[in-house]
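Engineer:
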Amino acid sequence: MHPSCSIRLRVLASLAFLSAACTSGACGTSAPVKSPTAVAGDIIPADRRTAWNPGIPGGIPSRTTICATVDAAAYGDGSTDATAAIQSAIDGCPEGQVVLLPAGTYRLTSNLEIKKGIVLRGAGPALTRLRATLPPSSVAVIYLWSGWPTYGSAVKVTADVPKDATSIPVADASTFALGDIIQIDQLDDTSYVYDGDCPWFKRPDYGPPTTGHRSQGQTVEIASIAGNTLNLTTPIHLGFKLAFAPQVFKPTGRVTRYAGLEGVYLTGGRNNQITMLGCAYCWVANVESDGTTPASATAPDGVAGLGNGMKGTHVQIDASFRAVVRDSYFHHATNVIQGGGAYGISLSSHTSDSLVENNIIYYLNKPLTMRATGGGNVVAYNYIDDAWTSADGALQETTIDMGHASFPFMELVEGNQAPQIATDTVWGNSGWMTVFRNFASSQQERTAAHETYQIAAIAFEAKARFMNVVGNVLGAPGAGLVYEVNSNPPGPDQKTVYRLGHGQNAGGGGDDIGTYEDPKSSSATANQLYRHGNYDYATGSVIWDSTNSNHSLPESLYLPGKPAFFGSEPWPFVDPTRTPMVGVLPAKKRFDALRR
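Going from the sequence shown to this note's numbering is simple: count from 1 and add 432.
1) From Glu846, Thr879, Asp817, Met899, pick the residue whose C-alpha is nearest to that of Asp856; which is it?
2) When we look at the beta-carbon of Ala458 and count the other beta-carbons within 10 Å, is it buried (16 or more) or exposed?
3) Could you spell out the range, first to last residue, of the beta strand (DSSP E) harbouring Thr957?
4) Considering Ile600, what are the terminal residues of the alpha helix (DSSP H) in which it resides?
5) Of the choices Ile657, Gly628, Pro683, whose alpha-carbon is the least far from that of Thr651?
6) Count the other CB atoms within 10 Å of the CB of Asp479; is the residue buried (16 or more) or exposed (fewer)?
7) Which value, in whole angstroms, describes the spacing of the CA atoms of Gly744 and Arg758?
8) Counting beta carbon pairs with one atom in the segment 961-981 and one in the segment 910-920, are three or more of them shorter than 8 Å?
9) Please classify Pro840: does DSSP put it in a helix, a strand, or coil?
10) Checking the sheet assignment: what are the DSSP bridge partners for Thr801?
11) Let me confirm a value: His983 is counted as buried when at least 16 other C-beta atoms fall within 10 Å, else exposed. Which label applies?
12) Quick one: what does DSSP say Asp621 is sitting in, helix, strand or coil?
13) In whole angstroms, what is the alpha-carbon distance linking Lys994 and Pro1004?
14) Taking 7 Å as the limit between beta carbons, can you name the residues of its chain near Thr821, skipping five residues before and five after?
15) What is the rounded straight-line gap between the Cα of Asn663 and the Cα of Ile777?
16) When you compare only the Cα positions, how much space is there between Leu676 and Asp1024?
17) Which residue's Cα is closest to the Cα of Phe672: Lys634, Ser585, Val593?
18) Grouping DSSP H, G and I as helix and E and B as strand, with all else coil, what is Pro683?
19) Take every Cβ of the segment 928-938, pair it with every Cβ of the segment 881-891, and state whether three or more of those distances are shorter than 8 Å.
20) Please state whether DSSP places Asp722 in a helix, a strand or coil.
21) Can you tell me where the alpha helix (DSSP H) holding Leu1026 begins and where it ends?
22) Which two residues bound the contiguous alpha helix (DSSP H) that contains Gln1081?
23) Measuring only between beta-carbons, confirm whether Ile816 sits less than 7 Å from chain D.
24) Assign Phe998 to one of three DSSP states: helix, strand, or coil.
25) Please report the straight-line C-alpha distance between His645 and Lys634, rounded to a whole angstrom.
26) For a test of the three-state rule: what should DSSP assign to Leu540, helix, strand or coil?
27) Inspect the CB distances between the segment 491-506 and the segment 527-539 and report whether three or more fall short of 8 Å.
28) Taking the alpha carbon of Asn861 as the reference point, which residue from Lys895, Arg869, Ser494 has its own alpha carbon closest?
29) Can you grab the Cα-Cα spacing for the pair Ser955 / Asp620, in whole Å?
30) Please classify Phe871: does DSSP put it in a helix, a strand, or coil?
31) Can you tell me which of the three DSSP states Ala555 falls into?
32) Roughly how many whole angstroms lie between the Cα atoms of Ser760 and Val719?
33) Note the first and the last residue of the continuous alpha helix (DSSP H) segment covering Ala506.
34) Please determine, among Arg1027, Asn790, Arg495, the residue with the shortest C-alpha to C-alpha distance to Gly549.
35) Starting from Thr699, trace the beta strand (DSSP E) in both directions and tell me its first and last residue.
36) Would you mind sorting Thr724 into buried or exposed? The rule is 16 or more other CB atoms within 10 Å of its CB.
Quick look at the structure:
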């Protein structure tokens, strides 16, 4: 087993630039809404997109009732073990209330668990610091979950469930109830799913027993039940076919809802910092997660380490529904290596309809990755930079990896500043992903001086199905890019705007990046790719799809208008038809303030 699949669902620096008093609803939280009607104007064909309405309806709830305040004088001195005191306050807090951590440095020697709808809130990441010194067997520092899940039996779906459906017919609905969080999945349809040989983050890795891999799945919520029909609160993002034996199942016991972590600095995770597992409507906001150590000062970015390090993933979101991660800063790891030891935010295990917005994710191997996600997720307006691996500093790593275990689908990547946006085939493919109004320069900020190969703004490996790249600015002046590389000549390492169809023989951890699929094949990544209204620095022009006369780009594919956190900055952030084409991203502005 390749180590990048070793973090399984099993069985799975200061932020002074943010207000120290930032609480729920502050920091520019924007309420998710239905996708703007402008999308209906066929800027993207309807069968290639879904309705993106991510995160918590109405935004992160504002919790104002303080149930307990941890004594900073007794536990905030940085040396006293504060674990038991904090956990006791969490356990005794009623739903809908807040455990407050005043300014101080709190030492943790074991994990904290939030298993109900309360908020653990600090005074801001510059003031409230959690420094963990955990045993090697620990997984995450903080869990938002109900514990390791167990599952009841899977129930058969009795008919096709088409894309955009809001109900599922089942053989027996007697084990389900209003409000249940459930998953639907099906056996792999190999006409579009390629799973390599990595079965993780989906059944049979977890859940009820099954024969065969079930890479396509979605997490949904039951709105009502009529006979043996389960009505849902969100639509099905990609259809499920009876021919591939779709099933539904749920965890036994309660699901944690509306749990939050806010306003803290965190360091010292031995295998993840924060884990959301089987969580609904949970959030992380205004948090700094620091993976530096004193040895980090010798790294290529030259940042002196102030933390206790971090191994694994800063925020792991597994099998969750409508999660939110926003207004935060995730950076560095103990060792910036491939294999799952230095990830930023990872969405996996059919997590659906979640929102990652307005964050800084910096200096990691895979800053943002999706693994067997469930559709409807939105990654938007984040500044993500300096992805690399210490094993090979000449390799340009991807900053947003939209597919690192099959089969992510119908996800939206909008308005980010990220040098390379990609999907790989090493652990299976992905499909129907949308890249909209991003600035992907192909140039990392600090590590670019070391990089000599696999340089690209967009890098979609072989078997990437029906991808959409619309309204982006790609490349940078003087970067020496060609427009597209989709076969071996002029060489697999040519610097390019688009690298398409490489990794033809990848799978089970074998990279084989230099082998390209036949670009003339109708199933080739290049031929199934939809490109419309992108400016690139290779041709110096905006290129539109010749079959679509609609050149009116909507401002957003999930927001009704300019979000509050943009303040006075130009909106939209990226507009390939405007001068200047790229505005100021608030997350990048915050990051620049840190580096002064």
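Note that beta-carbon positions come from the ideal geometry of N, C-alpha and C, so glycine has one too.
Here the structure is a predicted model, which is why all the values come from computation and not from measurement.
Structural biologist: The short version:
1) Met899
2) For Ala458, the pLDDT reaches just 35, beneath the cut-off of 50, and the residue's location in the model is therefore unreliable, leaving the point undetermined.
3) Where Thr957 is concerned, there is no enclosing beta strand (DSSP E), although the alpha helix (DSSP H) it sits in stretches over 957-960.
4) Note, Ile600: premise wrong, no alpha helix (DSSP H); beta strand (DSSP E) at 599-601.
5) Pro683
6) exposed
7) 20 Å
8) yes
9) coil
10) Ser778, Asp833
11) exposed
12) coil
13) 7 Å
14) Val768, Ile769, Gln770, Asn797, Leu827, Glu829
15) 31 Å
16) Looking at the sequence itself, residue 676 is Phe, so the reference to Leu does not match. Their Cα atoms are separated by approximately 50 Å.
17) Val593
18) strand
19) yes
20) strand
21) 1018-1026
22) The chain is shown from 433 up to 1028; residue 1081 falls before or after that span and cannot be answered.
23) No chain D is present in this structure, which holds just one protein chain.
24) helix
25) 7 Å
26) strand
27) yes
28) Lys895
29) 17 Å
30) strand
31) coil
32) 5 Å
33) 504-507
34) Arg495
35) 697-699
36) buried
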